[in-house]
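Letter by letter, the sequence shown follows residues 67 to 223 of this note's numbering.
Ideal Cβ positions, reconstructed from N, Cα and C, are used throughout, including at glycine.
Only a predicted model underlies this, so the values are computations on that prediction, with no experimental measurement involved.
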Amino acid sequence: MHLNLFLALAAPLAITDTNTVFPDTPLTAYSHRSKDMRTCYIVLLLVAMAVAVAAPTAADDGWEPVEDVHDPHIQELGRWAVEQSHSVLSFDEVVSGRYQDTDDGPGTYYELAIEAAPRVGGDQRYKAVVYEQDWSDSLELISFQGTRPAAAPLDRE
């Protein structure tokens, strides 16, 4: 889309002067108007390029960071995910997370980095994806997996 807009705005700039296209035609007031139009096209082209650069890219996947992972609701989501994982883990805390609102209904996906302790050994880091459906107050555990020892940061995949 950005390329088409660029070409549409840049095409009139290819004609530099009416004398270039029609060499036998004398320069008139029309050529001055043509130069004014070129200036307008240049300004429009620069604006379009600025918008294209500032527009979100495909790398923007819609996830936003959880601002306060110590919020009781976020901690409860992490605790619930550990309980639902059918494991023998003891929930410690949610250490980081991000969320994404759904486009197809009132709900939110949460990706949480959780520290939990197995019965044997030290704390481990787990990644849980939880879907919270707003209108029914229901939760669904999408995934739960161990990532690494708790001392290492969670990689974004």
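To the nearest angstrom, how far is the alpha carbon of residue i from that of residue j?
{"i": "residue 134", "j": "residue 201", "result": "23 Å"}
{"i": "residue 209", "j": "residue 196", "result": "7 Å"}
{"i": "residue 157", "j": "residue 148", "result": "6 Å"}
{"i": "residue 145", "j": "residue 190", "result": "14 Å"}
{"i": "residue 198", "j": "residue 137", "result": "16 Å"}
{"i": "residue 108", "j": "residue 170", "result": "41 Å"}
{"i": "residue 173", "j": "residue 102", "result": "52 Å"}
{"i": "residue 163", "j": "residue 139", "result": "12 Å"}
{"i": "residue 127", "j": "residue 165", "result": "11 Å"}
{"i": "residue 223", "j": "residue 175", "result": "Because residue 223 carries a pLDDT of 42, less than 50, the predicted location of this residue cannot be relied on, and the following value inherits that uncertainty. Taking the straight line from one Cα to the other gives about 15 Å."}
{"i": "residue 110", "j": "residue 104", "result": "10 Å"}
{"i": "residue 186", "j": "residue 151", "result": "17 Å"}
{"i": "residue 155", "j": "residue 188", "result": "11 Å"}
{"i": "residue 153", "j": "residue 184", "result": "8 Å"}
On the CB-based measure, 16 or more other CB atoms within 10 Å of its CB, does residue i come out buried or exposed?
{"i": "residue 226", "result": "Examination of residue 226 is not possible in this model, given that the chain is present from 67 through 223 alone."}
{"i": "residue 124", "result": "In this prediction, residue 124 has a pLDDT of 39, which is less than 50 and means its spatial position is unreliable; what the coordinates show is noted afterwards. By the 10 Å Cβ count, residue 124 comes out exposed."}
{"i": "residue 206", "result": "exposed"}
{"i": "residue 112", "result": "exposed"}
What residue from the options has the CA that sits closest to residue i's CA?
{"i": "residue 129", "options": "177, 184, 196 and 189", "result": "177"}
{"i": "residue 193", "options": "179, 185, 206 and 171", "result": "179"}
{"i": "residue 213", "options": "182, 152, 127 and 102", "result": "182"}
{"i": "residue 167", "options": "131, 211, 110 and 187", "result": "131"}
{"i": "residue 203", "options": "110, 112, 127 and 143", "result": "143"}
Which residues in the same chain as residue i place their Cβ atom closer than 8 Å to its Cβ, once the five residues preceding and following it in sequence are excluded?
{"i": "residue 141", "result": "135, 159 and 160"}
Taking the alpha helix (DSSP H) that residue i falls in, what are its first and last residues?
{"i": "residue 187", "result": "No alpha helix (DSSP H) contains residue 187, which DSSP labels as neither H nor E."}
{"i": "residue 171", "result": "Unbroken run through residue 171: none, as it is neither H nor E."}
{"i": "residue 133", "result": "Where residue 133 is concerned, there is no enclosing alpha helix (DSSP H), given that its DSSP letter is neither H nor E."}
Using a Cβ-Cβ cutoff of less than 6 Å, which residues in the same chain neighbour residue i once the five nearest sequence positions on both sides are dropped?
{"i": "residue 211", "result": "193"}
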